[in-house]
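To start, the structure under review is shown below, and the notes come after it.
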Amino acid sequence: MDKTEATKQALMVSRLKNSDSAAFDSIYRLYAPRLFGFALNLLKDRADAEGIVQEVFLKVWQNREKIKLHTSFESYLFTITHNTVMSVLRKKLSEKKYIDYLHSIQMPVSEDAAIAELEWKDLQQEVNAIVANLPSRQRQVYELSRDKGMTYAEIAEFLGLSVNTVENHMGRALKFIRAHL
């Protein structure tokens with residue numbers, strides 16, 4: 033990186049540390065596509081990669097006043113992205129191990145229970161197909177609530193919405209799902 037670029041970067045980080053939202057927007061536009069590509073390469077899943085980038089920039093904004101750079105700001109962002117990806121992969125691995133463990137200790141099931149489990153899986157697939165047709169924001173709120181287990185308050189903070197707006201999106205999403213089942 034040349035001296036001019038380093039100076040621009042230092043100025044941008046300084047503005048970010050002072051809660052300049054325009055600087056944050058510029059940083060996001062500059063780095064989000066590259067961080068997305070990096071996360072996608074590691075995760076092989078677009079939705080997860082998009083979520084990682086959102087989480088990285090949420091962390092940057094929440095901790096903007098504490099940023100202390102020992103390398104370039106770009107390296108700082110890629111390090112946060114890498115660490116967040118590794119955390120997600122560890123979580124997925126531990127969830128898979130737990131599910132595998134549960135399956136290994138599962139008692140033999142009766143025919144009725146087996147049928148009920150198949151019906152449940154069919155219903156889950158149907159719901160997933162319906163969720164895929166939800167408007168973007170409603171789908172995002174639904175998935176953060178149901179898949180990630182986030183509260184409405186956490187979702188509101190994460191997406192920069194009011195809790196009431198999150199509740200409205202969730203209500204509409206559930207109404208849409210019920211109407212299409």
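With our numbering applied, the sequence shown corresponds to residues 33 to 213, in that order. For each residue, glycine too, the CB sits at the ideal point set by N, CA and C. Computed from a prediction, not measured in an experiment: that's the story for all the values here.
For P65, the three-state secondary structure derived from DSSP is helix.
Spanning the alpha carbons of L121 and D77 requires a straight line of approximately 12 Å. Distance from the CA atom of T183 to the CA atom of L191, rounded to whole angstroms, is 12 Å. Three or more Cβ pairs closer than 8 Å define a contact, and the region 189 to 205 meets that threshold against the region 170 to 179. Of the residues assessed, A81 falls on the buried side of the cut-off, its CB having 16 or more other CB atoms within 10 angstroms. Note that the C-beta distance between A64 and V45 is not below 8 Å. Nearest to A79 by alpha-carbon distance, out of M202, T36 and S168, is S168. Take the alpha-carbon of G203 and the one of N50: they are about 37 Å apart. With a contact defined as Cβ atoms closer than 8 Å, F110 and F70 qualify at about 6 Å. A161 is the residue among L74, A161 and N196 whose C-alpha sits nearest the C-alpha of R210.
The DSSP-derived three-state label of D57 is helix. Per DSSP, the continuous alpha helix (DSSP H) segment holding H201 begins and ends at V195 to H212. Between the beta-carbon of Y60 and that of F89 there is about 6 Å, and that keeps the pair under the 8 Å contact cut. Just measuring C-alpha positions, the residue of I147, D132 and G83 sitting nearest T113 is G83. Judged by DSSP secondary structure, M44 falls within the alpha helix (DSSP H) whose first and last residues are K35 to K49. Following the DSSP letters along the chain, one finds L191 inside the alpha helix (DSSP H) bounded by residues Y184 to L191.
DSSP places L90 in the uninterrupted alpha helix (DSSP H) bounded by R78 to Q94.
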